[in-house]
Amino acid sequence: MTHDSTESIAAQVRAARASRTPLRVVGGASWMDAGAPCDATDRIEAGALRGVVEYEPGDLTLTARAGSTLAELQQATAAHGQWLPLDPAGSADATLGATIATASWGPLAAAYGTPRDQVLGCEVVTGTGDVVRAGGRVVKNVAGFDLTRLMVGAWGTLGVITEATVRLRARPEVDETLAIVLGGAESIAHASRWLRTSAFTPLAAELLSPARGAAVGVGSVAAPVLLLRAGGNAPMVRELMRAATSLGDGQPLDSSVWHRLGTSDGAGTTFRVSAAPARIAALWAATASVVEGAGGTAQANLWRGVVRCTIPAAGTRDFMGVLKDMLAAGHPATLVRERGPSWLWEQASSDGALAALAAGVARAFDPDHLLNPGIMGRSTHESGPADGPPHPALQARTT
Amino acid sequence: MTRSPTTEDIALTARLRAIVGERRVLVRPGELRAYESDGLPGYQSRPSVAVFPGTRDETIAVVRLLAELAIPFVPRGAGTGLSGGSLADGVVLLGLHRLSRIMSIDPDNARAVVEPGVVNATLTRAASAYGLHYAPDPSSQTACTIGGNVAENAGGPHCLKYGVTLNHVVAVTALLPGGEVVTLGNADGEQDGYDLLGAFIGSEGCFGIALDVTVSLARDPQAVRTLLADFSSVDDAARAVSGIIATGIVPAALEMMDNAIIQAVEASIYAAGYPADAAAILLIELDGAAAGIDEDAARVAGICRDAGARGVRTAADAAERARLWQGRKKAFGAMGRISPHLVVQDAVVPRTQLPAVLAAIQAIGERHGVNVCNVFHAGDGNLHPNIGYDSSDPVQAQRVHDAMSEIMAACIAAGGTITGEHGVGLDKLPYMDALFSPESLAAMCALREVFDPDRRANPGKVVPVHSCREWTGASPARTVARA
Numbered sequence: 013m014t015h016d017s018t019e020s021i022a023a024q025v026r027a028a029r030a031s032r033t034p035l036r037v038v039g040g041a042s043w044m045d046a047g048a049p050c051d052a053t054d055r056i057e058a059g060a061l062r063g064v065v066e067y068e069p070g071d072l073t074l075t076a077r078a079g080s081t082l083a084e085l086q087q088a089t090a091a092h093g094q095w096l097p098l099d100p101a102g103s104a105d106a107t108l109g110a111t112i113a114t115a116s117w118g119p120l121a122a123a124y125g126t127p128r129d130q131v132l133g134c135e136v137v138t139g140t141g142d143v144v145r146a147g148g149r150v151v152k153n154v155a156g157f158d159l160t161r162l163m164v165g166a167w168g169t170l171g172v173i174t175e176a177t178v179r180l181r182a183r184p185e186v187d188e189t190l191a192i193v194l195g196g197a198e199s200i201a202h203a204s205r206w207l208r209t210s211a212f213t214p215l216a217a218e219l220l221s222p223a224r225g226a227a228v229g230v231g232s233v234a235a236p237v238l239l240l241r242a243g244g245n246a247p248m249v250r251e252l253m254r255a256a257t258s259l260g261d262g263q264p265l266d267s268s269v270w271h272r273l274g275t276s277d278g279a280g281t282t283f284r285v286s287a288a289p290a291r292i293a294a295l296w297a298a299t300a301s302v303v304e305g306a307g308g309t310a311q312a313n314l315w316r317g318v319v320r321c322t323i324p325a326a327g328t329r330d331f332m333g334v335l336k337d338m339l340a341a342g343h344p345a346t347l348v349r350e351r352g353p354s355w356l357w358e359q360a361s362s363d364g365a366l367a368a369l370a371a372g373v374a375r376a377f378d379p380d381h382l383l384n385p386g387i388m389g390r391s392t393h394e395s396g397p398a399d400g401p402p403h404p405a406l407q408a409r410t411t
Numbered sequence: 076m077t078r079s080p081t082t083e084d085i086a087l088t089a090r091l092r093a094i095v096g097e098r099r100v101l102v103r104p105g106e107l108r109a110y111e112s113d114g115l116p117g118y119q120s121r122p123s124v125a126v127f128p129g130t131r132d133e134t135i136a137v138v139r140l141l142a143e144l145a146i147p148f149v150p151r152g153a154g155t156g157l158s159g160g161s162l163a164d165g166v167v168l169l170g171l172h173r174l175s176r177i178m179s180i181d182p183d184n185a186r187a188v189v190e191p192g193v194v195n196a197t198l199t200r201a202a203s204a205y206g207l208h209y210a211p212d213p214s215s216q217t218a219c220t221i222g223g224n225v226a227e228n229a230g231g232p233h234c235l236k237y238g239v240t241l242n243h244v245v246a247v248t249a250l251l252p253g254g255e256v257v258t259l260g261n262a263d264g265e266q267d268g269y270d271l272l273g274a275f276i277g278s279e280g281c282f283g284i285a286l287d288v289t290v291s292l293a294r295d296p297q298a299v300r301t302l303l304a305d306f307s308s309v310d311d312a313a314r315a316v317s318g319i320i321a322t323g324i325v326p327a328a329l330e331m332m333d334n335a336i337i338q339a340v341e342a343s344i345y346a347a348g349y350p351a352d353a354a355a356i357l358l359i360e361l362d363g364a365a366a367g368i369d370e371d372a373a374r375v376a377g378i379c380r381d382a383g384a385r386g387v388r389t390a391a392d393a394a395e396r397a398r399l400w401q402g403r404k405k406a407f408g409a410m411g412r413i414s415p416h417l418v419v420q421d422a423v424v425p426r427t428q429l430p431a432v433l434a435a436i437q438a439i440g441e442r443h444g445v446n447v448c449n450v451f452h453a454g455d456g457n458l459h460p461n462i463g464y465d466s467s468d469p470v471q472a473q474r475v476h477d478a479m480s481e482i483m484a485a486c487i488a489a490g491g492t493i494t495g496e497h498g499v500g501l502d503k504l505p506y507m508d509a510l511f512s513p514e515s516l517a518a519m520c521a522l523r524e525v526f527d528p529d530r531r532a533n534p535g536k537v538v539p540v541h542s543c544r545e546w547t548g549a550s551p552a553r554t555v556a557r558a
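These protein sequence lines are chains A and B, in that order. Under our numbering, the first residue of the first sequence is numbered 13, with each subsequent residue one higher. Under our numbering, the first residue of the second sequence is numbered 76, with each subsequent residue one higher.
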């Protein structure tokens, strides 16, 4: 069922509650189909809830209905020299609601953070059909418990997001990108250290595996390439780019490379592997070549310490074995799934007291398990540990 | 709530003493007096018992004992809060300031793991050896604790650029009110699943106690420029704020002080050399790479002059910068010289609304015959209107209360919120209904029940009890008699 008002969404949830009908929450349907198991046949569609509700450029905040696309919001804000610095991979027709629900982010998170840092408030319809307003429209807010943070990354299981307020930024005066080929593990480690100790904060510092570089038309076939994006006033950008020459020879690129990067995922399983940020070089060494060997591609956010991999479905199980070995060797890491076969999602993402807490939160907002049931992984609605071995990456977390 | 101590209460004291030692459990009224209020004068209530564990294990044992006996408790750090949030009315006060170890500093990952009682400024001092600092800097930073900062999601002047506590906490080992220990967040990569850490931060002691906190540290900036802009009207200063925000330059801090505050600061030992006849000043700090910082500073100074600033000066050295900041951070302390009590509000408004809201606040103050002073985080739109008064004069106290209620209503009407960094506590409870619908408040109550099904942690704070559907008709949690 499609809706053009929050009230109509609430009515469908209440009706579904009465008939105990689970609902699949759908925004633009452009990336919600991640392969995550979801035991719902009926759909609740928020994609028609579109449009900017309030935008006062001087406040650097914007409130929009959840079905508004990121492209639409970029267009509205660009007219005032501003942007919502969220650039998750995928189509620009992705909706604001789905971006928040999946906590999706892209290379710009190096400077601007993730949806967790950018969403100031939202309106949701919970599993009881109640319309709940979390947070507000101002940039700083501690009134009451922070329901906004709970909605970010909850995949719609705690409520259907109908509207959200986000923090905007001014577009930088100067915005330049350099491609620097980084041959060898030592040069990647050096680049990571440079980022952590230099006086500068780039907008993005994204390392691409050779195949990923080729897919976006940069770099050499043999070595990874670093895309370094600098923004700010002209003297600062000039100095940053000059300082970056210590990493290797840079080739200036048009900023359209970032759009190409975001739309070149390819088919297969997509997931992210992360660890404490300074371990990024070791994490890259352990993962990127394996992924490329299996016919996939990898990219890493050097600042946040996250490797994002896309791998043909057939290679996924082998890769999970690699991850397990890494953990067994005493290197803790975390797996976050974006797209993949259902078996990948079915493993518990937490256990013990933490799983009980998560299950309690799910019950508090959606007592009848109506919204996207199962999509957060098996443990969400069950307080006990799931059958079988715990998720390998999360096993490490508890050690 | 006062009743005679029962044998049960006496047994509680004995069992607490068995865990933490004789001297770390206070029951005598004289000893408990220091714990009757927090940083906000005007609210007082005495705990029945105050207990101060010295280790993580003692803390866990105390909380498990309280759970076993179904006794409510209020966690407390340094007691510098500004919302009445750590007041324990006839229940057990659980003081955490003795848990003050910095457990580790990891300069490569720019992180530290600390116990909850570590003082904010102590952490920054320890991190400075590595060229790092802890960015959130509440004005009480020389006394307030990281545990208290997590409970309140504390801010501070430099949060304009660097973000509030939420943006700097990577993980927390939380002791839930029922005695379970859980790790929220993730120090080994991204957080997956529900953001329970985000829910915990700012939960004002209602969701449990942080046994340790993993924070991220910020690099010390290569260059800093601190500007003081001097205005002959508050409105001009407010327009300068909007102008600066609109350029896209994000200052590290952008603070406003009005004439009454300037006078109070300049008459105190914190005199900073502010122009005494200015209607308002802006304290503006830019930081980051040295390259380009002077261009940004010149642009900011130009905007101030265009908005009508009489002068803009730049701190010549670190000593002058420290002096300018000390005046700002000690402003509330300086107000203490003028009147015995002070109410401070913490509303946030959209930044374009600042000129109109400041004018409305002025008019409300005049109408009620009270003197409203302003010292606040202008860049965030986070106001701190404060009124000095004598609470022993009931007529004056009523006027102050009426003026503050109207000011809050004006901020809400302008699209704002009732608290940006101080928390709801007791002080802002009456405004929650004006801000949130019954459904939204009920959702908050439901979330609280997940962490604290027995409703024993910091009872009666944050969310008005009448708004909790499930709670209506339920008997109140038991209290403990005062000695």
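Heads up, the beta-carbon is just placed ideally off N, CA and C, and yes, glycines get one too.
Check your understanding: Checking contacts by CB at 8 Å: is B:P350 closer than that to chain A?
Key -> no
Exercise for review: Determine the direct distance from the alpha carbon of B:E97 to that of B:D84, and round the result to whole angstroms.
Suggested key: 16 Å
**Study point:** 9 Å Cβ cut-off: residues of chain B touching A:K336
**Key:** The premise fails here: A:K336 is roughly 15 Å from chain B at the closest Cβ pair, so nothing lies under 9 Å.
Practice item. Run through the region 141-220 of chain B for me and flag every whole beta strand (DSSP E) of 3 or more residues, listed as ranges in chain order. Key: 148-151, 167-170, 177-181, 186-189
Point to revise | Alpha-carbon spacing of B:V540 relative to A:D105, whole angstroms | key: 43 Å
Review point. Counting pairs of Cβ atoms below 8 Å between the region 151-167 of chain A and the region 54-63 of chain A, do you hit three or more?
Key: no
Check your understanding: Just the Cα atoms here: how many angstroms apart are A:W270 and A:A223?
Key -> 16 Å
Check your understanding: Taking only runs of the alpha helix (DSSP H) that begin and end inside the region 109-165 of chain A, which ones reach a length of at least 4 residues, in chain order?
Key -> 121-124, 127-130, 159-163
Practice item. Note down the Cα distance separating B:E524 from B:A384, rounded to an integer number of angstroms. Key: 52 Å
Point to revise | Neighbourhood of A:A48 by C-beta distance below 6 Å, restricted to the same chain and skipping five residues each side | key: W357, I387
**Study point:** Against chain B: residues of the region 126-137 of chain A by CB proximity under 7 Å
**Key:** R128, D129
Review point. Which residues does DSSP pair with A:P264 in a beta bridge?
Key: A:L190
Point to revise | Of the residues A:S276, A:L335, A:G274, the one placed nearest A:V303, counting alpha carbons only | key: A:L335
Practice item. Check the Cβ of B:P425 against every Cβ in chain A and list those closer than 9 Å, keeping chain order. Key: E68, G70, D71, T73, R149, V150, V151
Review point. Can the beta-carbon of B:L302 be found less than 8 Å from the beta-carbon of B:T389?
Key: yes
**Study point:** Partners in chain B for A:F283, counting only beta-carbon separations shorter than 8 Å
**Key:** Residues of chain B passing the Cβ test: none, with the nearest at roughly 10 Å.
Check your understanding: Can the beta-carbon of B:S480 be found less than 8 Å from the beta-carbon of B:H416?
Key -> no
Review point. Considering only residues of the same chain and omitting the five flanking positions on each side of A:T81, which have a CB-CB separation below 7 Å?
Key: G40, A104, D105, A106, T107
Review point. Can you list, in chain order, the residues of its chain whose CB lies under 7 Å from that of B:A472, leaving out five sequence neighbours each side?
Key: Y464, S466
Check your understanding: Which bits of chain A does B:R523 rub up against, with CB to CB less than 7 Å?
Key -> F157
Review point. Once you ignore the five residues that flank B:V447 on each side, which residues in its own chain have a CB closer than 6 Å to its CB?
Key: I436, G440, P460, I462
Review point. Given a limit of 7 Å on CB to CB distance, which residues of the region 277-297 of chain B reach chain A?
Key: G277, S278, Q297
**Study point:** Alpha carbon of B:D477 to alpha carbon of B:P350, nearest angstrom
**Key:** 32 Å
Check your understanding: Out of A:I292, A:A23, A:P34, A:R62, which has the shortest C-alpha to C-alpha gap to B:D183?
Key -> A:I292
Check your understanding: Where does B:I344 land, buried or exposed, given buried means 16+ other C-beta within 10 angstroms?
Key -> exposed
Check your understanding: Residue range of the beta strand (DSSP E) that A:E218 falls in?
Key -> 216-220
Check your understanding: For B:A334, does the three-state DSSP call read helix, strand or coil?
Key -> It is worth fixing the name first, because residue 334 of chain B is Asn in this sequence and not Ala. Residue state, collapsed to three classes: helix.
Point to revise | A:R241 to A:L190 span [Cα, whole Å] | key: 7 Å
Point to revise | Contact under 8 Å by Cβ, B:E190 with B:D287 | key: yes
Check your understanding: Which residue's Cα is closest to the Cα of A:G229: A:S116, A:Q263, A:P127, A:L252?
Key -> A:Q263
Check your understanding: Can a CB atom of chain A be found closer than 8 Å to the CB of B:T77?
Key -> Residue confidence for B:T77 is low, a pLDDT of 47 falling below 50, so the modelled location carries little weight; the figure read from the coordinates is stated next. No, B:T77 lies away from the interface with chain A (no Cβ there is under 8 Å from its Cβ).
**Study point:** A:T140 versus A:E218 - alpha carbon distance
**Key:** 42 Å
Point to revise | Buried/exposed call for A:W355, threshold 16 Cβ in 10 Å | key: exposed
Review point. Would DSSP call B:H416 helix, strand or coil?
Key: strand
Exercise for review: Would you check if there are 3 or more beta carbon pairs closer than 8 Å linking the region 161-169 of chain B to the region 227-241 of chain B?
Suggested key: no
Check your understanding: Nearest-angstrom Cα distance between A:V151 and B:E265?
Key -> 24 Å
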